[in-house]
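When the letters of the sequence shown are read in order and numbered with the working numbering, they come out as residues 211 to 899. Every residue, glycine too, gets a C-beta built ideally from N, C-alpha and C.
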Amino acid sequence: MKVYQMDAIRNIAVMGHGKAGKTTLVEAMMYNAGMTDRMGNVADGTSAMDFDAEEIKRKLSVSTSIAPIEWKDTKLNMLDTPGYFDFEGEMKEGVRAADSALIVLSGRSGVSVGTENTYGFAKRRGVPVMFFVNKIDDDRADYQKTLEEMKEKISKAVTPFVYPIREGDEFKGFVDIVDMTARRYEGAERVDIPVPEGMAETVAPLRDMIMEAIAETDDALMNKYFNGEPFTFDEIKQAIRKGVKDGTIYPVYCGSGQDNIGVRSLMDGMSKYLPAPSEIAEIAHDAETGEPLEVVQAENGVTSAIVFKTIADPYVGKMSLFRVYSGCVKSDSVLLNSNRSANVRIGKVYSMCGKKQTETDAVHAGDIGAVTKLDATKTGDTLCGDGQRIILTGVETSPPVLSMAIKPVKKGDEDKITGGLSKLSEEDLTFSISSNTETKQTIISGQGEQHLDILKSKLKTKYGIEVELEDVVVPYRETIMGRAKVQGKYKKQSGGHGQYGDVWIEFEHGLSEELTFEEKVFGGSVPKNYFPAVEKGLQESCEHGVLAGYPMVYLKATLLDGSYHPVDSSEMAFKTAASLAYKDGVKQAQPALLEPIGHLKVYVPENIMGDVIGDVNKRRGQIMGMGESEIEGLSLVEADVPMAEMNKYATDLRSMSGGRGKFTFEFSEYRPAPSQVAEKIIAEAQYNG
211 MKVYQMDAIR
221 NIAVMGHGKA
231 GKTTLVEAMM
241 YNAGMTDRMG
251 NVADGTSAMD
261 FDAEEIKRKL
271 SVSTSIAPIE
281 WKDTKLNMLD
291 TPGYFDFEGE
301 MKEGVRAADS
311 ALIVLSGRSG
321 VSVGTENTYG
331 FAKRRGVPVM
341 FFVNKIDDDR
351 ADYQKTLEEM
361 KEKISKAVTP
371 FVYPIREGDE
381 FKGFVDIVDM
391 TARRYEGAER
401 VDIPVPEGMA
411 ETVAPLRDMI
421 MEAIAETDDA
431 LMNKYFNGEP
441 FTFDEIKQAI
451 RKGVKDGTIY
461 PVYCGSGQDN
471 IGVRSLMDGM
481 SKYLPAPSEI
491 AEIAHDAETG
501 EPLEVVQAEN
511 GVTSAIVFKT
521 IADPYVGKMS
531 LFRVYSGCVK
541 SDSVLLNSNR
551 SANVRIGKVY
561 SMCGKKQTET
571 DAVHAGDIGA
581 VTKLDATKTG
591 DTLCGDGQRI
601 ILTGVETSPP
611 VLSMAIKPVK
621 KGDEDKITGG
631 LSKLSEEDLT
641 FSISSNTETK
651 QTIISGQGEQ
661 HLDILKSKLK
671 TKYGIEVELE
681 DVVVPYRETI
691 MGRAKVQGKY
701 KKQSGGHGQY
711 GDVWIEFEHG
721 LSEELTFEEK
731 VFGGSVPKNY
741 FPAVEKGLQE
751 SCEHGVLAGY
761 PMVYLKATLL
771 DGSYHPVDSS
781 EMAFKTAASL
791 AYKDGVKQAQ
801 PALLEPIGHL
811 KVYVPENIMG
821 DVIGDVNKRR
831 GQIMGMGESE
841 IEGLSLVEAD
851 VPMAEMNKYA
861 TDLRSMSGGR
871 GKFTFEFSEY
881 RPAPSQVAEK
891 IIAEAQYNG
């Protein structure tokens with residue numbers, strides 16, 4: 211593949227809801243460019259973009275892949291991103307390397323929640339947007355209705371550049387509204403034809419809309435528009451480019467990726483109207499002072515690049531995918547990782563197309579490449595040339611929303627699980643691993659059930675570790691609500707020195723989660739040197755409550771009296787006596803089970819707030835407030851909810867809100883569990899114990 215100048219490169223993230231046909235559309239582009247002899251197919255596992263074993267098995271994209279497509283003197287770097295919510299992190303990695311976004315939606319289902327979410331993210335990222343209404347050949351597709359829905363739910367800047375030609379229920383081609391020509395498809399052949407009779411009236415208002423949008427990009431063009439003077443083709447092209455870059459024009463194309471209809475016109479449109487890297491400003495920060503800096507994307511500048519994705523392969527090793535902003539990344543060179551203040555050696559440099567790696571001498575400004583074995587470099591890190599010390603904006607991550615415990619099928623594989631997950635975490639920033647020493651569980655937290663299931667599968671296929679997922683054990687606590695004064699006496703005689711310890715301890719509810727220990731012994735009935743042993747005996751006893759074996763909290767114990775033997779008393783004897791007093795005293799002081807409560811913030815469309823509140827009530831939640839939120843189009847519901855009731859809430863909220871809802875949930879405090887809940891937990895503990 212030849213070296214392209216920055217002005218001839220387009221870095222485009224392909225986004226949209228799952229099953230919109232993004233990958234199939236990219237496959238059609240590759241076929242049109244002569245990169246393949248036949249179009250790959252997602253359904254039969256021959257797609258060049260969905261090459262991972264999990265993608266082939268599940269017939270959906272789970273990671274971002276790249277297709278560098280040469281099209282009419284332009285290089286289109288298509289970053290095919292997943293559309294399902296569980297893989298949002300991969301979508302964000304793809305957008306980070308892109309200068310624009312192509313959002314694909316189905317002409318049959320119209321604007322879905324995935325369309326809205328991906329558009330919202332592209333807007334926040336500040337990248338220009340183009341749309342492709344796919345599956346327009348479906349007899350249930352309604353282009354006009356989809357356009358109206360896009361204007362209502364997305365933006366008034368949505369501007370159709372083509373309009374489908376239908377004969378009966380069949381899609382036969384489209385009218386190019388910009389140049390007012392028509393293209394008809396006869397099988398794989400595309401033929402230019404006059405605008406069909408009767409369609410001029412349909413598309414004329416749409417063309418007027420485009421001309422008006424063009425006029426608004428420049429005062430001189432506005433004057434020509436009001437004077438009734440036609441725009442030249444060059445004026446139209448440049449004005450559209452400006453409008454697309456500024457976000458005042460969102461071009462809409464349509465067709466069928468599956469049948470490769472309308473795809474070449476889309477590729478022409480992306481080449482003509484989407485911005486080149488040299489047109490996009492990139493903000494970085496000084497690595498030493500943190501001051502913001504504008505990076506001039508230039509071919510001759512000092513090298514700066516960002517690692518936007520990492521692939522962990524047990525055979526090839528770690529592969530880092532990067533986007534160059536200035537200068538070039540050469541093979542057999544040394545760059546500075548400015549995030550970690552460490553030099554890294556660049557070995558062989560590659561161009562990527564799906565899983566295919568093609569070795570190249572260098573990757574130049576504006577382009578995308580890959581390098582292996584950058585062990586000290588992670589996703590989001592900046593690589594700089596000599597004298598350059600900047601940090602480019604990293605990759606935005608999504609916080610985990612679902613946690614499950616992971617355990618090996620085979621005993622002894624615990625360390626292997628940790629090692630495998632550690633390697634997978636290098637390529638996936640959206641899950642975390644933690645260990646709960648209390649419950650002795652390894653916890654894995656991710657974006658949803660499908661996400662965690664794929665991580666489970668990858669552990670088996672990549673690293674040969676078979677695991678099971680199970681619910682996270684809820685960390686209950688125990689306390690006392692009353693007061694009791696008891697004796698704990700330990701006396702043992704077995705020849706020689708015996709063991710003797712005698713204490714009177716008063717137990718009551720304390721103010722601190724940790725044990726509060728005091729002593730009020732008078733007259734030396736218990737020598738001071740045994741006080742630490744009594745306290746230690748109580749601390750160890752607090753590790754297990756008397757109801758269900760959960761740790762005891764908010765306990766105050768006051769040593770009041772006791773007795774000792776000058777020969778047989780010892781620290782061990784008083785420690786044991788204290789534990790005996792604990793068992794009797796806690797039982798007499800109204801023991802109670804405490805459950806962890808978390809603070810829930812749910813962001814949902816206002817029309818389903820009632821459903822969300824009803825669901826929170828079913829989970830024994832207490833509504834704390836509701837109203838507007840900082841997220842556009844979503845209202846906020848706040849509640850305190852028992853953690854035990856929040857298992858798989860992410861899945862339930864997605865179902866309830868059609869994927870529009872978002873939430874955060876953080877531990878808040880412990881509260882007494884209702885009697886029916888406590889009875890069930892105690893019974894389960896006794897059964898398992």
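Who are the Cβ neighbours of Leu721 in its own chain at under 8 Å, not counting the five residues just before and after it? Tyr764, Lys766
Measuring straight from C-alpha to C-alpha, what distance separates Lys363 and Thr256? 35 Å
Return yes when the Cβ of Val539 is within less than 9 Å of the Cβ of Leu593, no when it is not. yes
Start-to-end residues for the alpha helix (DSSP H) that takes in Met432: 429-436
Could you give the distance in angstroms between the alpha-carbon of Gly622 and the alpha-carbon of Ile675? 11 Å
Check whether the stretch 316-327 touches the stretch 237-250, counting contact only when three or more Cβ pairs, one atom from each stretch, lie closer than 8 Å. No contact exists between the stretch 316-327 and the stretch 237-250.
Given that a residue counts as buried once 16 or more other Cβ atoms are within 10 Å of its Cβ, and exposed if not, what is Ala216? This sequence places Met at residue 216; Ala is not what is there. Buried, since its Cβ has 16 or more Cβ neighbours within 10 Å.
Give me the residue from Gly656, Val405, Pro461 with the minimum Cα distance to Ala423. The option with the nearest alpha carbon to Ala423 is Pro461.
Looking at Tyr813 and Gly871, is the spacing between their C-beta atoms short of 9 Å? Contact flag set, yes.
Using the DSSP secondary-structure output, state which residues sit across from Pro524 in a beta bridge. In DSSP, Pro524 forms no bridge with anything.
Look at Lys696 and Gln798 and say whether their C-beta atoms are less than 9 Å apart. Here residue 696 turns out to be Val, not Lys, going by the sequence shown. Yes, these two residues count as a Cβ contact at 9 Å.
Anyone know if the C-beta pair for Pro806 and Phe741 falls short of 9 Å? no
Helix, strand or coil: which one does DSSP assign to Thr499? Three-state result, Thr499: coil.
Quick check on the burial criterion: 16 or more other C-beta atoms within 10 angstroms. Buried or exposed for Met249? buried
Flag this pair as yes or no: are the beta carbons of Asp254 and Gly656 separated by less than 9 Å? no
Which residue marks the beginning of the beta strand (DSSP E) containing Pro292, and which one marks its end? Note, Pro292: premise wrong, no beta strand (DSSP E); not H, not E.
Secondary structure at His707, three-state DSSP: helix, strand or coil? coil
Should Gln896 go down as buried or exposed, given a rule of 16 or more other Cβ atoms within 10 Å for buried? exposed
What number of angstroms, rounded off, separates the C-alpha of Val887 from the C-alpha of Gly831? 14 Å
According to DSSP, what are the bridge partners of Ile364? According to DSSP, Ile364 bridges with nothing at all.
Alpha carbon to alpha carbon, how far is Thr652 from Gln709? Give it in angstroms, no decimals. 41 Å
In the stretch 623-652, which residue ranges form an unbroken beta strand (DSSP E) of at least 3 residues, counting only runs that do not cross its ends? 642-646
Is the stretch 492-500 touching the stretch 467-479, taking contact as three or more C-beta pairs under 8 Å? Verdict: no, contact absent.
According to DSSP, what are the bridge partners of Glu399? Partner residues in the beta bridge of Glu399, as assigned by DSSP, are Glu396.
Confirm, please, whether the CB-CB distance from Asn221 to Arg533 is below 9 Å. Going by C-beta atoms, Arg533 is nearer than 9 Å to Asn221.
Between the alpha carbons of Ser644 and Ile654, how many angstroms are there, rounded? When rounded, the distance between both Cα atoms is 7 Å.
Starting from Ser885, trace the alpha helix (DSSP H) both ways and give me its first and last residue. 885-898
Using the three-state DSSP reduction, which class does Ser488 fall into: helix, strand or coil? Reduced to three states, the DSSP call for Ser488 is helix.
Can you tell me the Cβ-Cβ gap for Ile387 and Phe371, rounded? I've got them flagged as a contact below 8 Å. 6 Å
Can you grab the Cα-Cα spacing for the pair Val512 / Asn547, in whole Å? 14 Å
Taking the alpha carbon of Tyr700 as the point to measure from, which residue in Thr246, Phe381, Val744, Lys519 has its own alpha carbon closest? Val744
Which of helix, strand or coil does DSSP assign to Glu876? strand
Cβ-based neighbour list, Ser735, same chain, cut-off 8 Å, excluding 5 preceding and 5 following: Asp771, Gly772, Ser773, Tyr774
Is the stretch 628-648 close to the stretch 570-584, with three or more CB pairs under 8 Å? The stretch 628-648 makes no contact with the stretch 570-584: fewer than 3 CB pairs, one atom from each, lie closer than 8 Å.
Going by C-alpha distance, which of Gly808, Ala508, Gly692 is nearest Ala849? For the residues Gly808, Ala508, Gly692, the minimum Cα distance to Ala849 belongs to Gly808.
Give a yes or no on whether the minimum CB-CB distance between Met614 and chain C is below 9 Å. Protein chain content of the structure displayed is limited to a single chain, and chain C is not contained in it.
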